[in-house]
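Just so it is clear: in the sequence shown, position 400 is 400 by UniProt numbering, and no numbers are missing. Below is one structure; the comments refer to it alone.
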Amino acid sequence: MSMDIKAPLLSIEHLTLALPGGADRPHAVRDISLKLEHGEVLCLVGESGSGKSMLAGAVTGLLPHGAHRQTGRIVFRGEDLTQRSASAMREIRGRDISMIFQEPMSALNPLQTIGSQIEETMRVHGVLARRHERSARAARVVELLELVGLPQPERLRHAYPFSLSGGQRQRVLIAIALVLEPSLLIADEPTTALDVTTQAKILELIRQVQRKRHMGILFITHDFGVVAEIADRVAVLERGVLVEYGEAHQVLNHPRHPYTRQLIDAIPHGRFHGRPIADDIPVLLDVQGLKKAYPAREASSFAFWRQRATVPALSDVSFTLRRGETLGVVGESGSGKSTLARALLRFSRLESGHIRFEGQDFAHLANKTLRPLRRHIQMVFQDPVASLNSKQTVGQIIAAGPIAYGVPPAQAYRDARDLLTLIGLPEQAAERYPHQFSGGQRQRISIARALALEPKILVADEAVSGLDVSVQAHVLELLQTIQQKMGMALIFITHDLRVAAQICHRIVVMRAGQIVETGEVAQILESPQHPYTQQLIGAIPGRQSQWGERTNAATERACSVVTLDEQRIR
């Protein structure tokens, strides 16, 4: 493909993408025009359903079935890609235009090693494809794994995706995208749901590679904290319409459109005051000395001849939870947060320790004795798609728990409809299936299911990590309101200290299965004592920028107790 260095790298001109019949609107994007220069990072921002990924699909020629270009052009290095055939588009995908997908476990083949998946791009495009060039391909794989900062690349190229962490898998996707040094890199939410420290490393990696290769990057995100870290220019989409477009500093500090201001206001920034709670409130849950270990993976095939090594997941974890209190549990992936959640609900057995609920220790109770207590501690899982039964209606899902505990089915279904109203969904939603709802709505359904048994403690495990910032704010507000109405305590597990600051009274910081720091929100976030806590806070996207230090009315509202209109609660 010839290259016109005077022209923009990518120019989208009056593009309209039509959606198939039955969609919630006729167009995925409507009359979109924007440009991406060589060596520039253009951030495409908007909520789920705004058309960001559809726009990326149009550029790569990977639109979903039923969607099609209605009008407009997509000009890449002076050539209109809309005039290329499907086979001609395959020639430039991976070579001139590459894409980093949002979910690495969906994008990576679980049956192929990391090295073979990186080599596949070379073979498809005829680069080092001959048998005698096998050693050169292997060397290129090692070089790329080193470039993206993965440890022991020679060993790692033989590993399978399941054996890598989320951040490592995302780095593998970046390596695959960079195999042939493309001119244009499209990154579709590459840091969503990652730890803040891992996210910071991925963002810095993308920036370094972009500067070294002088690539243009179309970076898709819903997080303005990420935008503040990486963007040169910003385009904001609302339901397929470009509502704001300009230099990053101008959009971040002086947004013109109300929708842009709404997205920015949904990001907590400024000072963190937390939510105070009285010291004289009685303790509901007393956790002391929890220890849990998992078997370590053995490289030797003769490992069964000797005692297996173990990896500690929880090491002497102790804390208390008061009635009506929200305790935040923060830390990176692998810090023991989810193991702690499973231990509290007795999904896994402990080596030692005590979990006293209202004075009764249920850490080592037999299942028969434990069953009546389970209803008092319920859980909201991170992924509602995986945790909701796709073959049951929403009403059946919510009513299942109460029915199991002896509530008459008719009453359980009436209560399920009332809960749907409480979480902001219509009663008619009870007759629909989970796949018919958005991600934020499915998470609300998960909350309703957990509330159906009227628990005294709700454990929320990364319940908002994959949601848009505005939807995230609504779910957090909903949790606080329900907590006040029902008087329950909340254990809120998250890797994002900004989110913890919005909803928590106190925070415990976990690292490698241990609690390294605990205290009130303001103390933890404004005066952290442990180096690891300081590292987590320093990695918050946008915190180092001038925009990240602003304080506005929305932040003050988010960091205080939020109360919804009384009519919405009844």
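Heads up, the beta-carbon is just placed ideally off N, CA and C, and yes, glycines get one too.
- In this model, ILE540 and PRO531 are separated by some 15 angstroms (Cα to Cα).
- Residue burial annotation: PRO26 is exposed, with fewer than 16 other C-beta atoms found within 10 angstroms of its C-beta.
- With 16 or more other CB atoms across the displayed protein chains lying within 10 angstroms of its CB, SER335 is buried.
- Between THR533 and VAL509 a beta carbon distance of about 5 angstroms is seen, short of the 8 angstroms cut, so the two are scored as contacting.
- For MET54, the uninterrupted alpha helix (DSSP H) segment begins and ends at 52 to 60.
- Of the residues assessed, VAL45 falls on the buried side of the cut-off, its CB having 16 or more other CB atoms within 10 angstroms.
- Contact between PRO161 and PRO110 holds: their C-beta atoms lie close to 6 angstroms from each other, under 8 angstroms.
- According to the DSSP secondary-structure assignment, ASP188 is paired through a beta bridge with ILE220.
- Taking the CA atoms as reference points, THR369 sits about 33 angstroms from THR518.
- Assignment of GLN102 by DSSP, reduced to helix, strand and coil, places it in the coil class.
- Pairing MET486 with GLU454, the inter-Cα distance amounts to about 8 angstroms.
- A straight line joining the alpha-carbon of VAL521 with that of PHE319 spans about 15 angstroms.
- LEU290 sits in a strand when the DSSP states are folded into three classes.
- The DSSP assignment places 377 to 380 as complete runs of the beta strand (DSSP E) inside the segment 359 to 446, in order along the chain (cut-off: 3 residues).
- By the CB criterion at 8 angstroms, GLY61 and LEU81 fall inside the cutoff.
- DSSP lists ILE515 as the beta-bridge partner residues of MET510.
- Here ASP265 carries a helix assignment [DSSP, helix/strand/coil].
- Residue LEU490 holds the alpha-carbon nearest to the alpha-carbon of THR326 among ILE92, ALA410, LEU490, ALA56.
- The shortest CA-to-CA distance from ASP223 to any of ALA266, ARG256, SER11, ASP280 is the one to ALA266.
- Taking all protein chains shown into account, ASP24 has fewer than 16 neighbouring C-beta atoms within 10 Å of its C-beta and is therefore exposed.
- Scanning VAL124, LYS201, PRO182, LEU263 for the CA closest to the CA of SER50 turns up LEU263.
- The alpha-carbon separation between ASP361 and GLU351 amounts to approximately 15 angstroms.
- Per DSSP, ARG233 lies in no alpha helix (DSSP H); the unbroken beta strand (DSSP E) holding it starts and ends at 233 to 238.
- A direct Cα-Cα distance of roughly 28 angstroms separates ARG73 from VAL209.
- Contact annotation: SER315 and LYS291 have beta-carbon atoms nearer than 8 angstroms.
- One thing to note: ARG157 has its Cβ within 8 angstroms of the Cβ of VAL142.
- A straight-line Cα-Cα distance of about 19 angstroms links ALA175 and GLU91.
- Within a 10 Å sphere around the beta-carbon of GLU244 sit 16 or more other beta-carbons, which makes this residue buried.
- It is roughly 42 angstroms from the alpha-carbon of GLN168 to the alpha-carbon of ASP279.
- One thing to note: GLY149 has its Cβ no nearer than 8 angstroms to the Cβ of ARG123.
- Taking every protein chain shown into account, the CB of SER106 has fewer than 16 other CB atoms within 10 angstroms, so this residue is exposed.
- For HIS68, the pairing in a beta bridge is given by DSSP as ALA18.
- For GLU431, same chain residues with a beta-carbon under 8 angstroms away, outside a window of 5 residues either side, are THR393, VAL394, GLY395 in chain order.
- A Cβ-Cβ separation of about 33 angstroms leaves SER348 out of contact with SER48 under the 8 angstroms criterion.
- Scanning its chain for C-beta atoms nearer than 6 angstroms, with the 5 sequence neighbours on each side dropped, one finds around GLU40 the residues GLY216, ASP232, in chain order.
- The C-beta distance from LEU340 to VAL317 rounds to 6 angstroms, short enough to meet the 8 angstroms contact threshold.
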